[in-house]
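Peer 1: Quick one: this structure, given as structure tokens, is what I'll be asking you about.
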Amino acid sequence: IVLGLDSRRVQFTPDLMPSDILGSEVMEQDEFGKRSFRFISGPIFTQLLMADEINRASPRTQSALLQAMQEYHVTIAGARYDLPSPFHVLATQNPLEQEGTYPLPEAQLDRFLMQVDILYPEIDAERRILLETTGIDEAKADKVLQPARLKDIQTLIRRMPVPESVVEAILKLVRSARPGQGNAETDKHIAWGPGPRASQALTLCARARALYDGRLAPSVDDIRALAEPVL
């Protein structure tokens, strides 16, 4: 609502199938008896897909999002179907509740830009939640952007220059978190390190943070602030 995007929500459950997300083909018969297949699009054909409790679905169903998140289209029965632009996937999961959940595959985790852990709110925030959600007035979010404006902002972020010192800091940080780089401590605690997508995500997030702060280029401080949620 706030971003002005068309959005859909999918509650992920153990019995959810890939076709429940992507869509499927159905056979139809016209008045002359001729049969043909028609594609019925699933909820993934939206600008913002909310995958609620994504780790409750099986890995096979979770993997249905891989092509969409990387290539912004899906392939059904050999036919390509482009997704709306811009396209985003926002997912939630409860890492503390292990029963009845499935860990996300590494390829899936690699495609998410960030992982943000939601902790208990501060007392002032909790007081506001208490007061604003227990009355008779329903809180409503206001639209602050349009899809075209959001795409313009995303294009501007990609055009921002990145100083060489920031590039070097990103490469050094990401590569140091990979096993087999000569660091015994890393080899001991990390089995699967961040790939090139992590470097790309860190670069884009640093640019976005700089733009949000009104700066013309990101700095190493942006990398320090974003390293944990991105990696």
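If you count by our numbering, then the sequence shown holds residues 13 to 243, one letter each, in order. Using N, Cα and C, we set each Cβ at its ideal position, and we do this for glycine too.
(1) Taking only three categories from DSSP, how would you classify A91?
(2) Identify every run of the alpha helix (DSSP H) within the segment 102-187, keeping only runs that are complete inside it and at least 4 residues long; order them along the chain.
(3) Considering Cα atoms alone, identify which of A210, D199, E197 is closest to V186.
(4) Could you check the C-alpha separation between R47 and Q41 for me, to the nearest Å?
(5) Within a Cβ cutoff of 8 Å, which residues of the same chain sit near V156, ignoring the five residues on either side of it in sequence?
(6) Going by beta carbon distance, what residues of the same chain come within less than 8 Å of A213, once the five residues before and after it are set aside?
(7) Determine the contact status of S231 and V178, defining contact as a CB-CB distance below 8 Å.
(8) Going by C-alpha to C-alpha distance, which of A229, L216, M81 sits closest to F99?
(9) Nearest to E93 by CA position, among R190, N106, G54, R227, is which residue?
(10) I need the straight-line Cα distance from T58 to P107, nearest angstrom please.
(11) Using only alpha-carbon positions, find the residue among T145, A237, R190, P206 that is nearest to R221.
(12) How many angstroms separate the CA atom of D164 from the CA atom of G205?
(13) Which class does S211 belong to by DSSP, given the choice of helix, strand or coil?
(14) State the start and end residues of the unbroken alpha helix (DSSP H) segment that holds A237.
(15) Starting from M81, follow the alpha helix (DSSP H) in both directions and report where the run begins and ends.
(16) Is the segment 61-81 touching the segment 26-33 in the sense that three or more CB pairs, one from each, lie closer than 8 Å?
(17) Where G226 and R21 are concerned, what is the direct C-alpha to C-alpha distance, given to the nearest angstrom?
(18) Taking C-alpha atoms, which residue in H201, P115, V38 lies nearest to I88?
Peer 2: By the coordinates alone:
(1) Residue state for A91 is assigned as strand, using DSSP reduced to three classes.
(2) Segments of the alpha helix (DSSP H) lying fully in the segment 102-187: 118-123, 135-144, 159-171.
(3) With distances taken between Cα atoms, V186 lies closest to A210.
(4) The alpha-carbon atoms of R47 and Q41 are separated by roughly 4 Å.
(5) By the criterion of a C-beta distance shorter than 8 Å, V156 is surrounded in its chain by V14, L15, G16, once the five residues flanking it on both sides are discounted.
(6) Closer than 8 Å at the Cβ level, and outside the excluded window around A213, lie L125, M126, V242.
(7) Yes, these two residues count as a Cβ contact at 8 Å.
(8) Of the candidates A229, L216, M81, the residue whose Cα lies closest to the Cα of F99 is M81.
(9) A small fix is needed here, since residue 93 is Tyr in this sequence, not Glu. Comparing alpha carbon positions, the residue from R190, N106, G54, R227 closest to Y93 is G54.
(10) Straight-line Cα distance between these residues: approximately 27 Å.
(11) Residue A237 is the option with its Cα nearest to R221.
(12) Going from the Cα of D164 to the Cα of G205 covers about 33 Å.
(13) S211: helix per DSSP, three-state reduction.
(14) For A237, the uninterrupted alpha helix (DSSP H) run begins and ends at 232-242, by DSSP.
(15) Looking at the DSSP string, the run of the alpha helix (DSSP H) that includes M81 is 78-83.
(16) Verdict: yes, contact present.
(17) About 33 Å.
(18) Looking from the CA of I88, the closest CA among H201, P115, V38 belongs to V38.
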